[in-house]
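For reference, the structure discussed in these notes is given below.
Numbering (my numbering), first residue to last: 1057 to 1344.
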């Protein structure tokens, strides 16, 4: 028994004190066999269980480390996304400001074009008045020409007495004809100028309409860019909150990883102790 051999059982002889002692030893050996058997079975079960716990803890530790690494990558990616969204918001606001400045410049150009249109209308009105005046001058020249013809006829009837008057009438007629010719040329030039002014006014009006469209489009672009910037700000806020949540989760995962490593180490130590217990129990030889 001292060597762990429980295969043989002591047998008492007789009924003396030594026999009773041998009987007690036999009973103790029987009890010890039961205890060793239970301990051996329990130790084998403990070894098996601790091996599973150790393997599971090691696997969990590996998975936790992988999860922590993935969370760190996710946190870095979220930071990049947050930076990108913020940059997009800033760029959208800058673009909106540029669009507003362009709209203001276009509005200023539209005001200038409006002034040009009004000026051309004034030129057209003045040209029309000048045309009317030229018409009056042309009528006066026509009447003067007729009067000069009548004066020339009367001078011819007067003979020598009307010769000087005939010369004057001829000069007046020539002057009236030149005045009429000049009036017609001026009227033609004014008509051409009025047509050109009208054409220019139409072009300027179309330019004004185009500028108005540009201004409207610029305001719409500015509004859309402002909406994009606001949306980007909201996205940046959401991404920031998500990034913080991922960072918090990463921190908790790191803590879990440390706890899992401690659990794995404890499980390994328990497994080693269970193996040593099994080795100690295996020293006892039991009957088949």
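Every residue, glycine too, gets a C-beta built ideally from N, C-alpha and C.
Residue nearest to residue i in terms of C-alpha spacing, selected from the options
i            : options                : result
residue 1121 : 1332, 1254, 1306       : 1306
residue 1245 : 1187, 1104, 1175, 1165 : 1187
residue 1189 : 1235, 1224, 1161       : 1235
residue 1138 : 1267, 1206, 1325, 1297 : 1297
residue 1113 : 1326, 1334, 1332, 1237 : 1326
residue 1130 : 1237, 1178, 1253, 1302 : 1302
residue 1225 : 1134, 1077, 1203       : 1203
residue 1238 : 1205, 1255, 1193       : 1193
Exposure of residue i, with buried meaning 16 or more beta-carbon neighbours within 10 Å
i            : result
residue 1308 : exposed
residue 1336 : exposed
residue 1281 : buried
residue 1102 : buried
residue 1183 : buried
residue 1169 : buried
Whole-angstrom distance between residue j and residue i, CA atom to CA atom
i            : j            : result
residue 1229 : residue 1242 : 20 Å
residue 1110 : residue 1287 : 51 Å
residue 1289 : residue 1142 : 7 Å
residue 1270 : residue 1276 : 10 Å
residue 1162 : residue 1181 : 28 Å
residue 1273 : residue 1264 : 14 Å
residue 1084 : residue 1117 : 47 Å
residue 1233 : residue 1227 : 10 Å
residue 1127 : residue 1324 : 28 Å
Reduced DSSP category for residue i - H, G, I as helix; E, B as strand; rest coil
i            : result
residue 1057 : Residue confidence for residue 1057 is low, a pLDDT of 49 falling below 50, so the modelled location carries little weight and cannot support an answer.
residue 1073 : helix
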